[in-house]
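Comments concern the structure below.
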Amino acid sequence: MKFQKYTNALVLGLGASGRAAAELLVGENCRVTIIDSADNEKLQAGAEVLRNIGVEVRLGCDIPENSDFDVCIVSPGIN
Numbered sequence: 064m065k066f067q068k069y070t071n072a073l074v075l076g077l078g079a080s081g082r083a084a085a086e087l088l089v090g091e092n093c094r095v096t097i098i099d100s101a102d103n104e105k106l107q108a109g110a111e112v113l114r115n116i117g118v119e120v121r122l123g124c125d126i127p128e129n130s131d132f133d134v135c136i137v138s139p140g141i142n
């Protein structure tokens with residue numbers, strides 16, 4: 064698959080699809096920030112895995128108003 068090159072991505076939602084998107088983007092040498100408004104033990108465990116591969120994870124917060132992201136990927140489970 065051929066992807067447009069992004070250097071700074073925001074992923075919304077730390078569910079299965081958000082994690083997969085973050086891992087794919089890291090594999091494409093993209094700097095990734097993933098945000099989820101929830102913060103619980105299950106998300107903390109997933110967050111730790113992503114942090115270990117260089118993803119910045121922010122739990123319990125909303126989308127930043129001023130951001131410098133090339134692309135935003137929204138997980139389908141977000142309401």
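Counting along the sequence shown from 1, when you hit position 22 you're at 85 in my numbering, and nothing is skipped either side. Glycine is no exception: its CB is placed at the ideal position from the N, C-alpha and C atoms. Source: prediction; values computed, not measured.
- Rounded to whole angstroms, the separation of the alpha carbons of residue 83 and residue 113 is 10 angstroms.
- Here the alpha carbons of residue 120 and residue 103 stand approximately 13 angstroms from one another.
- Scanning its chain for C-beta atoms nearer than 6 angstroms, with the 5 sequence neighbours on each side dropped, one finds around residue 96 the residues 73, 119, in chain order.
- For residue 118, the secondary structure class from DSSP, reduced to helix, strand or coil, is coil.
- Under the DSSP assignment, residue 85 falls in the alpha helix (DSSP H) whose first and last residues are 79-90.
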